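These notes are about the structure you will find just below.
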Amino acid sequence: MAGIGRLARYGFTLSATGPDPAVLLGGTGLNLWDGAAQRPVDEEGALVLEQLGRAADPDLALRQLHRIAERDAGFEKGVLERLGSDEDLRIRLLTVLGASSALGDQIAAQAGQWRVLTHSVPPRYEVHSGLADVPSLRAGYQRGLLRIAAADLADGVDVETTMAEVTALADATLRAAYRIALGRVGDQRPRLAVIAMGKCGGDELNYVSDVDVIFVAAEDEDLAAGTTVAAALMEICGHVAWPVDAALRPEGGRGPLVRTLASHLVYYQRWARTWEFQALLKARPVAGDAGLGKAWLAALQPLIWHAAERPEAVEDVRAMRRRIIDQVPRAEVEREIKRGPGGLRDIEFAVQLLQLVHGRGDETLRSGNTLNALRSLVAGGYVGRGDGEALSAAYRFLRNVEHRLQLQRLRRTHTVPADDGQAGTLALRWLARAMNYKREEPSLGTGRGREGGGLDPIAAFRADWVTHAAEVRRLHAKLLYRPLLAAVARVPADGLSLRADAARKRLELLGYADPAGALRHIEALTSGVSRTAAIQRTLLPVLLAEFADAPNPDAGLLAYRQVSDTLGTTPWYLRLLRDEGPVALRLARVLDSSRYLTDLLSRDPEALRLLADDTELALRTRQSLLDGTAAAAGRHPDPRAAVAAVRAMRRRELFRIGSADLLSGAGELAPAKPVGITEVGQGLADLTDATIAAALAVARQAAGAPDELRFSVIGMGRLGGAETSYPSDADVLFVYQPAPGMRDDEANGVALAIAEQLRTLLSAPAPDPPLGIDADLRPEGRQGPLVRSLAAYQRYYATWSQVWEAQALLRARPVAGDAALAAEFIALVDPVRYPVDGLRREQIVEIRRIKARVENERLPRGADPLTHTKLGRGGIADVEWTVQLWQLRHGHEVAGLRSTRTLDALAAAHAAGIVSVEDAEVLATAWTLCSRVRNALTLIRGRAVDQLPRHGVELAGVARLLGGGDPGEFLDEYLKVTRRARAAVERLFLA
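Residue numbers for the sequence shown follow our numbering, so the first one is 349 and each next one is one higher.
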């Protein structure tokens, strides 16, 4: 640096191999620098030096300028004089010289070539019909490309304009080459069309690229001469500018170079693969017979816009993208801005797949230009505005990087230099400065470049690059792998239209019972020009088809209308349905299958977010529920408000559990960890435990209970067995222990107040589902006191306990309150429910008598005993009574039988040799099936239902929820399973 003095401030360096900048700038060179005074020789010299300092590579710009000045010495007004007086020329020329050694060589090779940068006509007109031979065409192309690069580098022209200008120059070159090529066939004039493909077809060509084309002849007689012209055109363009690549034609390189229009149609109708239709998105007639080119494109349009309806189409596009990434050398994959992850191909593939799928019904999406298509996708509501802006910004950034890389030596490259040493650092610094990442340098001013805010240019460039690439990776995965996309592709093109006539016909075909009513819902959701209506128009064709798979599609659409009316103006609602995983399809399944979940969602629309993420559909642990309900209650000093908060949380959790349950049988919509009847029962029991625990704390405070008074809630029935179903009340016992020194009657009054407060708070009218607290299984049933002390329970069970009460105690387990007191209660009742000597004969007879009476008296009038899930033959009660009889008889001897869960006790009975493996499987299968059917009926109807219909939409709905298939076949299977179970019960229960 010391050797060049103050010239270092302009960015010049002294290398061992390069010329000395001081010599090039001094009196024997350009005479811009006074070496002795260490300053520019004059004001104009200072302007040139300042602009040289702003170049991407000041040393390169200086060397090229010196060459140009030497070549220009004979001109009356040379380049240096013009640079000092013409600011526009100074900025353009010196910026180009510092950014592109190839363009600098081109300018230096021909005296006066720099004057091209003063031309005012559009660059594309440098190539015109007057250029009749290859050399003049090449010179015209080079002039045009130089001017485009100068506008791009120095004038701040937008990258979209740059791509359009490069494409227009290529178009002009192809047309000129076509005219020259016609001379190869004498007087023959074959009808031949040249179709631009790829980036050229999309008006987004970069500086150095093959130009993809397809050649189309009109008739067979045009093939020979047309092939000669096509081959000549490819040869000419190769000499002039770039290779012409016809590999996108039918059969690729193995196919004929030129085909007739009819031959093209046959190929695309019979043999073309998805990627070939994807490539046709960018097809554009560019040269030759314009009418033929338009006819070819028009003939292929129906094929292009039906390609996405192929069953494999969406996955084909995804697989092609993965293959492209796999082809990138591993050492370059992170630096490849075109094919690598987070690169241009990620954006293009996402946009093109959305075009193929949605463009069938929306002609505004049928653009070959990536940015135009992206704008249309955003305007049509297919892509969110924020996502669209991020993709557009990333695309522009990456194309700018690609342009700078290619301009340096006019070579085809898409790889950012590796920062692997001095050479790599210098290359990266050149690239960053060519992208206008520069430190603010007071001596040079700010110029026209973007300032780096004091950051090192490489660091600033890398920060933006990493940010854009990460965003592209995220959005590529979000858009390309959007589950809704495959669902839209499955909808026929004519089903995408929501015009009244087309939609009504579609609704009739889909099986809607009231097409007119459904059409009114559609019109209400999609009318107008708002963005909300636009997004609804993208969603409804898929949702209508999804609802049609349900037994009652009209109910599904009505429920969707109601949810949309509630949430339609909420910013996140439609965006969530469109963008986030399988939310839309999961919501459709929930709405068309479950009135229970629809009612919960209507009260808590925010719960819809749970459908977006499999982790949100995972059932929460008991401890997390206990913590959550306690925290919810603790935020409110008023008892009613506190329990209202707990009930609101319970409502959200019921939706979580019910959705996970319903979707577990929904194939590809199922959560990552599907849940079965055991997990659902446990989840509902844990939720009930947590709700009671939080409400109990509130009730104690409201009743003014002293801390020393111990109070516990014991779960009974299905709650105690952790086999809770959606409509289940909480069967409980209340036990208390007076505080030291407290009279029993006083303690009883406080305990009763706690229990009454608990029941009142949890069952009070509210928007949230009530939780009924049922204490009818207490000693003496409804006639007995609601609460008892531990001592009172001890006296009762020692003196008055009946066999049915012992049976009820088989399900007893602690739920909430004082854990030590609950443990004492369990220790107290264990000898009662697991008697040392089992059951006496008269007790067994009594149990059988009670069961017979239950079957005769509690089965609702008119109920079908063959399909009643709870009390019917081979149903839940049959299995549970049988297992409980074994527990009472053998529980003292067999530890495994001391379980509150039916299936666990059944397994223990088999392990102990009480029941054969065949009978155990029969009983377990029946209990599981009946429990699942009972839950499914509740989800479908929205209320407790035990009777499985023999026909109708509810039977079809149950069959669908439990795995699909024909409803009649499902009913037959249910009857077979329960019949076998009943036969086993009659043998085992009466044995």
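Glycine residues also receive a C-beta, built at the ideal position from the N, C-alpha and C atoms.
Treat the numbers as computed from the prediction; the structure is a model and nothing was measured.
- For the pair residue 432 and residue 479, the CB atoms are not nearer than the 9 Å cut-off.
- With a beta-carbon spacing of about 5 Å, residue 1072 and residue 1029 fall inside the 8 Å limit used to define contacts.
- The C-alpha of residue 415 lies about 9 Å from the C-alpha of residue 457.
- Within the stretch 645-691, the complete alpha helix (DSSP H) segments at least 4 residues long are 661-675, listed from N- to C-terminus.
- Its Cα nearest to that of residue 744, the residue 691 stands out among 392, 628, 709 and 691.
- CA-to-CA, the gap between residue 355 and residue 400 works out to about 11 Å.
- Sequence-distant Cβ neighbours of residue 852 in its own chain, meaning closer than 6 Å and more than five residues away, are 863 and 867.
- Taking 9 Å as the cut-off, the beta carbon of residue 880 is found no closer than this to the beta carbon of residue 910.
- Taken in chain order, the unbroken stretches of alpha helix (DSSP H) that lie wholly in the stretch 1075-1144 and span 4 residues or more are 1092-1111.
- With respect to the C-alpha of residue 912, the residue from 956, 890 and 899 having the closest C-alpha is 956.
- Bridge partners of residue 388 according to DSSP: 381.
- Counting only the Cα atoms, residue 701 lies some 46 Å from residue 994.
- Annotation for residue 1058: the continuous beta strand (DSSP E) segment containing it runs 1058-1063.
- The C-alpha of residue 607 is placed about 15 Å away from the C-alpha of residue 620.
- For residue 352, same chain residues with a beta-carbon under 8 Å away, outside a window of 5 residues either side, are 360, 361, 362, 368, 369 and 370 in chain order.
- When secondary structure is reduced to three states using DSSP, residue 361 falls in the coil class, being assigned neither helix nor strand.
- A direct Cα-to-Cα measurement between residue 1283 and residue 1257 gives close to 26 Å.
- About 11 Å separates the CB atoms of residue 561 and residue 590; that is not less than 8 Å, and the two are not in contact.
- Taking the Cβ atoms as the reference, residue 1036 lies roughly 6 Å from residue 1067, within the contact range of under 8 Å.
- Under DSSP, residue 1164 takes part in a beta bridge, and its partners are 1061.
- Bridge pairing for residue 565: 540 and 608 [DSSP].
- With a beta-carbon spacing of about 6 Å, residue 1180 and residue 1149 fall inside the 8 Å limit used to define contacts.
- Per DSSP, reduced to three states, the secondary structure at residue 869 is helical.
- Per DSSP, the continuous alpha helix (DSSP H) segment holding residue 926 begins and ends at 919-927.
- Taking all protein chains in view, the Cβ of residue 446 is crowded by 16 or more other Cβ atoms within 10 Å, so the residue is classified as buried.
- Residue pairing by DSSP places residue 763 opposite 684 in a beta bridge.
- One Cα belongs to residue 640, the other to residue 958, and the distance between them is close to 54 Å.
- In its chain, beyond the 5 residues on either side, 526, 540, 541 and 542 have a beta carbon closer than 6 Å to the beta carbon of residue 636.
- The residue from 653, 581, 875 and 1166 with its alpha-carbon nearest to that of residue 623 is 653.
- With a beta-carbon spacing of about 6 Å, residue 819 and residue 742 fall inside the 8 Å limit used to define contacts.
- Distance check between residue 1121 and each of 1133, 461 and 1077 places 1077 closest, using alpha-carbon atoms only.
- When secondary structure is reduced to three states using DSSP, residue 830 falls in the coil class, being assigned neither helix nor strand.
- Residue 662 is not a Cβ neighbour of residue 932, given a cutoff of 9 Å.
- The three-state reading of DSSP puts residue 458 in coil, since its state is none of H, G, I, E or B.
- Here the alpha carbon of residue 586 sits roughly 7 Å from the alpha carbon of residue 592.
- Closest in C-alpha terms to residue 1159, from the list 1081, 1167 and 727, comes 1081.
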